[in-house]
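Protein sequence lines, in the order shown, are assigned to chains A and B.
Here numbering that gives the first Met the number 0 is used: position 4 in the first sequence is 3, and no number is missing along the way.
Here numbering that gives the first Met the number 0 is used: position 140 in the second sequence is 139, and no number is missing along the way.
Note that CB positions come from ideal geometry on N, CA and C, so glycine has one too.
Bear in mind that the values here come from a model prediction, so they are computed numbers and not experimental data.
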Amino acid sequence: MMMYLSRWLQATWLCDYFSSTSWVVPTVQSIHILGVALVFASMSLLSLRLLGFSSSRQSVSVAALPTLAWLWPALVVLLLTGLVMVVSEPERELLNQTFLLKMVLVAVAAVASGLLRRSMLRHRQAWDAPEGRKAAKPVGVLFFLLWVAIIVCGRWIAYTQ
Amino acid sequence: MGFMVFCKWLEGLGYSSAIRDADWLFPTIETVHVLALTLVVGSIARVDLRLLGITSRQRPVTHVIAEVLPLTWVAFGLAAFSGFLLFSSAAVKYSSDGPFRFKLVLLALAGVNMILFHGVTYRQVSKWDAVARPPAAARVAGAISLLLWIGIVFCGRWVGFTTSAL
Numbered sequence: 000m001m002m003y004l005s006r007w008l009q010a011t012w013l014c015d016y017f018s019s020t021s022w023v024v025p026t027v028q029s030i031h032i033l034g035v036a037l038v039f040a041s042m043s044l045l046s047l048r049l050l051g052f053s054s055s056r057q058s059v060s061v062a063a064l065p066t067l068a069w070l071w072p073a074l075v076v077l078l079l080t081g082l083v084m085v086v087s088e089p090e091r092e093l094l095n096q097t098f099l100l101k102m103v104l105v106a107v108a109a110v111a112s113g114l115l116r117r118s119m120l121r122h123r124q125a126w127d128a129p130e131g132r133k134a135a136k137p138v139g140v141l142f143f144l145l146w147v148a149i150i151v152c153g154r155w156i157a158y159t160q
Numbered sequence: 000m001g002f003m004v005f006c007k008w009l010e011g012l013g014y015s016s017a018i019r020d021a022d023w024l025f026p027t028i029e030t031v032h033v034l035a036l037t038l039v040v041g042s043i044a045r046v047d048l049r050l051l052g053i054t055s056r057q058r059p060v061t062h063v064i065a066e067v068l069p070l071t072w073v074a075f076g077l078a079a080f081s082g083f084l085l086f087s088s089a090a091v092k093y094s095s096d097g098p099f100r101f102k103l104v105l106l107a108l109a110g111v112n113m114i115l116f117h118g119v120t121y122r123q124v125s126k127w128d129a130v131a132r133p134p135a136a137a138r139v140a141g142a143i144s145l146l147l148w149i150g151i152v153f154c155g156r157w158v159g160f161t162t163s164a165l
């Protein structure tokens, strides 16, 4: 299926335009990296807060909710820039296992943050209580590791052609 | 002239050739570099956005800076170290690469901007700490910092574009 999709994309004028205009792909990649920087730094700060390594003395919900709230707009920017990259070089991404793995991890991260945000909004007091603080620690570790894995996959697409 | 000699010497060191010879070393160090630099840029952006009065307006500036800066420094150390290893592996090539040199210039300017901010504007922070929109000097420092670091990311990407096929 990926083969058909990538062949179809390869034949479009958009793909032609993006790949022949030499500055498009590196520019879009740079914007993508900036998006990654915002997301990963925020997620890391959130993880540090949940693990108790941060100087901020906020409750779990106050620490997490603003970050989780604007994660989705940031992911949209990442998705759009990613889309341009896929359209300009369909085979490089769509036929690459590392890229497909990265997409799965991104979906997991997006769904997990959505679920976490919902849970925190519904059970705020439970999350802010001592038991909630304890439960938040493995959550912090998991999110951090997920994003590290996503970024590593992102870089290794180039090396697993 | 002396700098070229230094670059050639760096390239000849044991670890530099190890990075060139092993398939996986360069990609691994490069990945660490990417992870570290995204933390540097992202965390600095958080401070800059607060200085510009765009995000976390209800939190005092000193709180935001106190929370973020330790992460920034650790990440910067990692980024600089991994960057130096990558540079060593092909020092002659990188030192004559336009985007790479421009990236170093921008890094230096970002450092100057930061020193000026901390040495002058930040000294008075108790006066505007809790204010949602900091004074012009702080906003300017934040804006310059953001622009410089965006430029650094673009330059970094262009180094990869101009020096290799990957």
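Can you find the residues in the same chain that come closer than 6 Å, C-beta to C-beta, to residue i, ignoring five residues on each side of it along the sequence?
i: L105 of chain B; result: L147, G150 and I151
i: S41 of chain A; result: T66
Rounding to the nearest angstrom, what Cα-Cα distance links residue i and residue j in this structure?
i: S94 of chain B; j: E90 of chain A; result: 33 Å
i: K136 of chain A; j: L74 of chain A; result: 24 Å
i: L33 of chain A; j: G13 of chain B; result: 34 Å
i: A164 of chain B; j: V27 of chain A; result: Note that A164 of chain B scores a pLDDT of 44, beneath 50, so its modelled location is shaky; the value from the coordinates is reported in the next line. Answer to the nearest angstrom: the Cα atoms are 17 Å apart.
i: A223 of chain A; j: R56 of chain A; result: Outside the shown range of chain A, which is 0 to 160, sits residue 223 of chain A, and nothing can be said about it.
i: I143 of chain B; j: P72 of chain A; result: 24 Å
i: S118 of chain A; j: A108 of chain A; result: 15 Å
i: A63 of chain A; j: T97 of chain A; result: 30 Å
i: G82 of chain B; j: H32 of chain B; result: 6 Å
i: W127 of chain B; j: F75 of chain B; result: 28 Å
i: S87 of chain A; j: L78 of chain A; result: 14 Å
i: L84 of chain B; j: W157 of chain B; result: 18 Å
i: L145 of chain A; j: V59 of chain A; result: 20 Å
i: A136 of chain B; j: L70 of chain A; result: 30 Å
i: A68 of chain A; j: V24 of chain A; result: 29 Å
i: L49 of chain A; j: A134 of chain A; result: 9 Å
i: T80 of chain A; j: T161 of chain B; result: 21 Å
i: M0 of chain A; j: M102 of chain A; result: 16 Å
i: V63 of chain B; j: S53 of chain A; result: 11 Å
i: L194 of chain A; j: T61 of chain B; result: Coverage of chain A is limited to positions 0 through 160, which leaves residue 194 of chain A absent and any answer about it impossible.
i: L169 of chain B; j: P98 of chain B; result: Any property of residue 169 of chain B remains undetermined from this structure, which presents chain B solely from 0 to 165.
Report yes or no: is there a C-beta of chain A within less than 8 Å of the C-beta of residue i?
i: L165 of chain B; result: Because L165 of chain B sits at a pLDDT of 39, beneath the cut-off of 50, its placement in the model cannot be relied upon, and the point is left open.
i: R138 of chain B; result: no
i: A44 of chain B; result: yes
i: E10 of chain B; result: no
i: L115 of chain B; result: no
i: I149 of chain B; result: yes
i: L108 of chain B; result: no
i: W72 of chain B; result: no
i: L38 of chain B; result: yes
i: F75 of chain B; result: no
i: T120 of chain B; result: no
i: V65 of chain B; result: Note on residue identity: the sequence assigns Ala, not Val, to residue 65 of chain B. Closer than 8 Å to some Cβ of chain A, the Cβ of A65 of chain B qualifies, so yes.
i: T30 of chain B; result: yes
i: V152 of chain B; result: yes
By the three-class DSSP mapping on this structure, what secondary structure does residue i have?
i: A164 of chain B; result: The pLDDT assigned to A164 of chain B is 44, lower than 50, so where the model puts this residue is not dependable; a value taken from the coordinates is nonetheless given after this. In the structure shown, A164 of chain B sits in coil (DSSP, three-state: anything other than H, G, I, E or B).
i: A129 of chain B; result: coil
i: Y3 of chain A; result: helix
i: E88 of chain A; result: coil
i: I53 of chain B; result: coil
i: L50 of chain A; result: coil
i: W22 of chain A; result: coil
i: S95 of chain B; result: coil
i: I156 of chain A; result: coil
i: A89 of chain B; result: coil
i: N112 of chain B; result: helix
i: W12 of chain A; result: helix
i: H122 of chain A; result: coil
i: W146 of chain A; result: helix
i: S58 of chain A; result: coil
i: R58 of chain B; result: coil
i: D20 of chain B; result: helix
i: A35 of chain B; result: helix
Contact criterion: CB-CB distance below 8 Å. Does residue i meet it with respect to chain B?
i: F188 of chain A; result: Shown here, chain A extends from 0 to 160; a query on residue 188 of chain A therefore has no answer.
i: Y3 of chain A; result: no
i: I156 of chain A; result: no
i: I150 of chain A; result: yes
i: W53 of chain A; result: Position check: residue 53 of chain A holds Ser in this sequence, whereas Trp was assumed. Yes, S53 of chain A counts as interfacial toward chain B.
i: V147 of chain A; result: yes
i: L13 of chain A; result: no
Keeping to the same chain, check which residues put their C-beta closer than 8 Å to that of residue i; ignore five residues upstream and five downstream.
i: Q9 of chain A; result: P89 and E90
i: Q160 of chain A; result: R91 and N95
i: T11 of chain A; result: V86
i: G1 of chain B; result: none
i: D96 of chain B; result: V158, T161 and T162
So, for residue i: in the same chain, excluding its five sequence neighbours on each side, which residues have a beta-carbon less than 7 Å away from its beta-carbon?
i: A90 of chain B; result: C6, L9 and E10
i: S5 of chain A; result: P89, E90, L93 and L94
i: T71 of chain B; result: V39, S42 and I43
i: R132 of chain A; result: V59
i: A35 of chain B; result: A74, L77, A78 and S81
i: F17 of chain A; result: V23, V24, V83, V86 and S87
| message | Along the segment 28–43 of chain A, where does the CB come closer than 7 Å to a CB of chain B? Name the residues. | response | Residues passing the 7 Å Cβ filter: Q28, S29, I32, L33, V35, A36, L37, F39, A40, S41 and S43.
| field | Contacting positions in the segment 59–87 of chain A - beta carbon closer than 9 Å to chain B | value | Taking 9 Å as the Cβ-Cβ cut-off against chain B, the residues of the segment 59–87 of chain A that qualify are P65 and W69.
| message | Output needed in chain order: residues of the segment 77–97 of chain B with a Cβ under 8 Å from some Cβ in chain A. | response | Within the segment 77–97 of chain B, not one residue has a Cβ closer than 8 Å to any Cβ of chain A.
| Any residues in the segment 111–132 of chain A with a beta carbon nearer than 7 Å to a beta carbon of chain B? Which ones, in chain order? | The segment 111–132 of chain A vs chain B, Cβ under 7 Å: nothing.
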